[in-house]
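**Student:** Residue numbers (my numbering): 6 to 123.
Glycine included, every Cβ here is placed at the ideal spot set by N, Cα and C.
A quick note: this is a predicted structure, and the numbers were derived from the prediction, not measured.
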Amino acid sequence: MATNAEMGRAGEEAAASYLTTVGLRILDRNWRCRHGEVDIIGVDGDTVVFVEVKTRSGDGYGTPAEAVTPAKAQRIHRLAGLWLAERSGPWVPVRFDVVEVVIADGRGPLLSHLRAAF
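(1) Considering only their Cβ atoms, is the gap separating Val58 from Ile46 smaller than 8 Å?
(2) Less than 7 Å between C-beta atoms, sequence neighbours within five positions excluded: which residues of the same chain meet that for Trp36?
(3) Taking buried to mean at least 16 other C-beta atoms within 10 Å of its own C-beta, is Glu71 buried or exposed?
(4) So, at 6 Å on beta carbons, what are the nonlocal neighbours of Ala78 in its own chain, with the 5 sequence-adjacent residues on each side left out?
(5) Using the Cα positions of Tyr66 and Thr60, report the straight-line distance between them to the nearest angstrom.
(6) May I have the straight-line CA-CA distance separating Arg112 from Phe55, to the nearest angstrom?
(7) Assuming Glu18 contacts Pro69 (C-beta within less than 8 Å), just tell me the rounded distance between them.
(8) Is the beta carbon of Arg34 within less than 7 Å of some heavy atom of the ligand PLP?
(9) Please name the residue, chosen from Arg39, Val99, His118, Ala90, that lies closest to Val48 on a Cα-to-Cα basis.
(10) Report the start-end ranges of each beta strand (DSSP E) in the region 84-108 that is 3 residues or longer and not cut off at the edges.
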């Protein structure tokens, strides 16, 4: 049985692969600062996309996206502002997505991409 960390890494790999195939150009993965971490940061057209990946082994505790609480969403908004400020580029449109990954029963991961989730 995989640890939570291993499952999380597998979910992030699956999400990054999926997002690339649907046209997201990934700029950063696991970007960190003292305030927290953003799983994936990419560009979709002219929009910078901040992606939270939530991985579960099932839905016994609700859907993975339900784990993105209002406090977590607020933290990611703040982190996005810090990431953008580091780049000091022009103002750009931003979007906040969630990719749900369910890895269960030895099957491949099942993904759901929630655009503009919060």
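**Tutor:** Here's the rundown:
(1) Position 41 of the sequence shown, counting from 1, holds the residue named residue 46. Position 53 of the sequence shown, counting from 1, holds the residue named residue 58. No, the Cβ-Cβ distance between Ile46 and Val58 is not below 8 Å.
(2) Counted from its first residue, the sequence shown places residue 36 at position 31. Excluding sequence neighbours, Trp36 sits near Glu42, Val43, Ile46, Trp88.
(3) By 1-based counting over the sequence shown, the position of residue 71 is 66. Answer is exposed; the Cβ neighbour count stays below 16.
(4) Counting from one through the sequence shown, the residue named residue 78 turns up at place 73. The residues are Phe123.
(5) For the purposes of this step, residue 66 is taken as the residue at position 61 of the sequence shown. For the purposes of this step, residue 60 is taken as the residue at position 55 of the sequence shown. Counting only the Cα atoms, Thr60 lies some 12 Å from Tyr66.
(6) Here residue 112 corresponds to residue number 107 of the sequence shown, with the count starting at 1. Here residue 55 corresponds to residue number 50 of the sequence shown, with the count starting at 1. Roughly 27 Å separates the two Cα atoms.
(7) Start at 1 with the first residue of the sequence shown, and residue 18 comes out as number 13. Start at 1 with the first residue of the sequence shown, and residue 69 comes out as number 64. 15 Å between Cβ atoms; not a contact.
(8) Of ligands this structure carries none, so the ligand PLP is not represented either.
(9) Numbered from 1 along the sequence shown, position 43 holds the residue referred to as residue 48. Taking only the C-alpha atoms, the option nearest Val48 is Val99.
(10) Listed in chain order, the complete beta strand (DSSP E) runs (minimum 3 residues) inside the region 84-108 are 99-107.
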